[in-house]
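Here the structure is laid out as structure tokens; the discussion comes afterwards.
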Amino acid sequence: MFDINEFVSKPKSLLIAPAGYGKTHTIAECLKYTEGTQLVLTHTHAGVASLKEKIKKSGITSNKFHIETIDSFAQKYVNAFYCKNDIPPQEDNEKYFPFIIKQATRIIKIKPIKDIINATYTGLFVDEYQDCAKTQHCFIIALADILPVHLLGDPLQGIFYFSEELIDWETDLNEFANAHFKLTEPWRWKNANQQLGSSLKEIRRKLENNENIDLSLYSSTIKLLQINEDDISKPRTIYNKAIWSLLKEKNVLIIHPETHLNARKKFVINFNGSFRLLEAIDHKDFYKIAKEFDRLESCENIYNKLITILKGRQVIRNKSKKRVNTLLTGLGYYFKDDKNIPNPRKEPLKSIIKNLKQLEITFDSLLLSKTLRSISKLKDVKFYRKELFFDLCKALEQAEYQKISVYEAMKNIRNVKRRMGRKIEGKCIGTTLLTKGLEFDTVAILNAHKFNCPKNLYVALTRASKKLIIFTTNKILSPYKVPRRPDTT
Numbered sequence: 009m010f011d012i013n014e015f016v017s018k019p020k021s022l023l024i025a026p027a028g029y030g031k032t033h034t035i036a037e038c039l040k041y042t043e044g045t046q047l048v049l050t051h052t053h054a055g056v057a058s059l060k061e062k063i064k065k066s067g068i069t070s071n072k073f074h075i076e077t078i079d080s081f082a083q084k085y086v087n088a089f090y091c092k093n094d095i096p097p098q099e100d101n102e103k104y105f106p107f108i109i110k111q112a113t114r115i116i117k118i119k120p121i122k123d124i125i126n127a128t129y130t131g132l133f134v135d136e137y138q139d140c141a142k143t144q145h146c147f148i149i150a151l152a153d154i155l156p157v158h159l160l161g162d163p164l165q166g167i168f169y170f171s172e173e174l175i176d177w178e179t180d181l182n183e184f185a186n187a188h189f190k191l192t193e194p195w196r197w198k199n200a201n202q203q204l205g206s207s208l209k210e211i212r213r214k215l216e217n218n219e220n221i222d223l224s225l226y227s228s229t230i231k232l233l234q235i236n237e238d239d240i241s242k243p244r245t246i247y248n249k250a251i252w253s254l255l256k257e258k259n260v261l262i263i264h265p266e267t268h269l270n271a272r273k274k275f276v277i278n279f280n281g282s283f284r285l286l287e288a289i290d291h292k293d294f295y296k297i298a299k300e301f302d303r304l305e306s307c308e309n310i311y312n313k314l315i316t317i318l319k320g321r322q323v324i325r326n327k328s329k330k331r332v333n334t335l336l337t338g339l340g341y342y343f344k345d346d347k348n349i350p351n352p353r354k355e356p357l358k359s360i361i362k363n364l365k366q367l368e369i370t371f372d373s374l375l376l377s378k379t380l381r382s383i384s385k386l387k388d389v390k391f392y393r394k395e396l397f398f399d400l401c402k403a404l405e406q407a408e409y410q411k412i413s414v415y416e417a418m419k420n421i422r423n424v425k426r427r428m429g430r431k432i433e434g435k436c437i438g439t440t441l442l443t444k445g446l447e448f449d450t451v452a453i454l455n456a457h458k459f460n461c462p463k464n465l466y467v468a469l470t471r472a473s474k475k476l477i478i479f480t481t482n483k484i485l486s487p488y489k490v491p492r493r494p495d496t497t
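Start counting the sequence shown at 9; every next residue gets the next number (this note's numbering).
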């Protein structure tokens with residue numbers, strides 16, 4: 009039996025927690041056994057939001073904990089105390105965050121900074137430790153010289169691939185060997201679908217032993233659909249109809265095996281924007297589109313410029329190509345002669361056109377944001393990258409209020425999300441990298457035969473609490489090829 013009091017009483021302790029075995033609940037329970045404010049660090053903004061929600065549900069008061077990502081915590085100290093101007097641009101992930109972590113490690117070893125940390129927090133919990141890169145591990149070890157440190161993770165969920173090496177679970181954690189604990193009960197499925205939990209426990213054992221997974225053995229708990237890959241975009245095929253049927257679910261996550269954003273954008277377009285596209289917190293398009301709007305210095309042809317940018321980033325499209333009175337085909341025409349606007353769309357279109365004409369006379373970021381938000385409400389317009397679009401609107405507003413560039417405003421907005429977390433729910437499509445640590449009632453895994461890494465497959469399988477659906481060309485999965493480093497988009 010896991011002894012929480014013993015775990016938190018050690019100056020350095022390590023807990024192995026398989027997916028769904030109550031790790032987040034354990035962190036909340038640990039907070040009841042500690043004094044002062046505990047610093048809780050994890051890797052993703054989704055993880056931050058999930059931890060906050062579950063800890064608050066446990067009745068823990070906010071003064072007992074502070075949660076953010078490792079990167080954002082390090083970033084604060086570098087922004088406050090690093091004086092040189094050689095920090096790489098934030099959109100260059102492979103250089104920016106390793107640089108930030110290395111500099112933060114140096115900064116927190118300075119005596120006055122150590123005193124600040126020691127006065128602010130009384131202990132540190134680090135979640136998802138299997139995803140720590142070597143530099144992040146050095147940062148945490150430096151914090152361990154200031155605070156008691158308790159690590160939580162699972163070697164079978166180590167799916168992040170950095171330009172640098174991840175920690176080695178066997179050799180890098182020797183300092184924690186004398187305080188080693190493990191969770192053994194699959195709580196996620198206890199009251200939701202206990203049979204599914206048992207199946208996933210057995211599949212975990214097979215993945216750890218590099219055994220093939222015969223999905224037909226789990227037909228009573230996992231829904232298996234053998235498909236033709238290309239049928240997903242063909243109407244009225246079994247694969248296509250099965251995806252459409254998922255819209256009946258209240259809370260559903262679709263996991264795509266391909267990590268590049270283009271595959272998910274294509275999916276969202278194929279299904280008419282019905283699923284929310286999950287994007288990486290630092291996807292380059294957020295910064296690129298901000299810079300493109302910073303270059304809107306000339307007010308001439310504002311309509312054409314807006315459409316070129318939004319279409320270029322695949323943010324917006326017509327819902328129906330047959331209709332004339334829509335944004336992309338009709339608004340440009342009515343822009344030239346608004347007397348021809350048909351009812352009942354006259355008033356909203358007239359207001360948008362009036363704003364666009366005003367923007368051609370005097371450029372105004374607030375008016376531009378207001379116009380874009382009005383466009384988003386038009387019936388015949390579909391947005392396929394809603395987070396990108398609405399963060400752009402916020403950046404335009406913040407740029408005007410704070411008298412900064414849209415690019416700087418976008419960086420601020422993304423950094424706030426990194427610290428505060430982003431709640432993910434509803435009907436979503438993402439990857440294992442973007443959804444690790446999350447839980448959905450229903451999960452559908454696309455083209456499961458394409459998973460070439462047991463860790464990624466395990467993370468995908470364990471996101472579902474009630475219903476798991478697997479689409480594959482082969483009922484026997486063998487995900488043991490050496491994975492290439494994925495695109496984290």
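We put the beta carbon where it would ideally sit given N, CA and C, even for glycine.
- Judged by beta-carbon spacing, residue 371 lies beyond the 9 Å limit of residue 384, meaning their Cβ atoms are not closer than that value.
- Nearest C-alpha to residue 406 among 109, 174, 298, 91: 298.
- When secondary structure is reduced to three states using DSSP, residue 479 falls in the strand class.
- Assigned with DSSP and collapsed to three states, residue 411 falls in coil, not helix or strand.
- Excluding residues up to 5 positions away in sequence, 164 lie with their Cβ nearer than 7 Å to the Cβ of residue 216 in the same chain.
- Residue 34 is positioned such that its CB atom lies no closer than 9 Å to that of residue 208.
- When DSSP states are grouped into helix, strand and coil, residue 214 belongs to the helix group.
- Within the same chain, 175, 180 come within 7 Å of residue 145 by CB-CB distance, once the 5 residues on both sides are set aside.
- Contact between the segment 46–53 and the segment 123–136 is present: 3 or more CB-CB pairs across the two stretches fall below 8 Å.
- The shortest CA-to-CA distance from residue 61 to any of 454, 437, 429 is the one to 429.
- Apart from sequence neighbours up to five positions away, the residues of its chain that approach residue 58 with a beta-carbon distance below 7 Å are 32, 445, 446, ordered along the chain.
- Shown here, residue 473 sits in a strand according to DSSP, grouped into three states.
- Under the DSSP assignment, residue 38 falls in the alpha helix (DSSP H) whose first and last residues are 31–39.
- Under the three-state reduction of DSSP output, residue 141 falls in the strand class.
- Contact annotation: residue 294 and residue 102 have beta-carbon atoms that are not nearer than 9 Å.
- Your pair residue 451 and residue 476 checks out as a contact, with CB atoms roughly 6 Å apart and the cut at 8 Å.
- Shown here, residue 452 sits in a strand according to DSSP, grouped into three states.
- No Cβ-Cβ contact shorter than 9 Å links residue 376 with residue 275.
- Contact fails between the segment 271–287 and the segment 464–484, because fewer than three Cβ pairs, one in each stretch, are under 8 Å apart.
- In the DSSP annotation of this structure, the continuous segment of the alpha helix (DSSP H) that includes residue 128 starts and ends at 119–128.
- With fewer than 16 other beta carbons inside 10 angstroms of its own, residue 188 counts as exposed.
- Separation of residue 160 and residue 177 (C-alpha to C-alpha, rounded to the nearest whole angstrom) is 12 Å.
- Between residue 10 and residue 158, the C-beta spacing is not below 9 Å.
- Around the CB of residue 455, 16 or more other CB atoms lie within 10 Å, so the residue is classed as buried.
- DSSP places residue 188 within a strand segment (E or B) once states are collapsed to three.
- One Cα belongs to residue 95, the other to residue 150, and the distance between them is close to 21 Å.
- Residue range 230–234 is occupied by the beta strand (DSSP E) that includes residue 234.
- Residue 120 counts as exposed, since fewer than 16 other beta carbons sit within 10 angstroms of its beta carbon.
- Within a 10 Å sphere around the beta-carbon of residue 97 sit fewer than 16 other beta-carbons, which makes this residue exposed.
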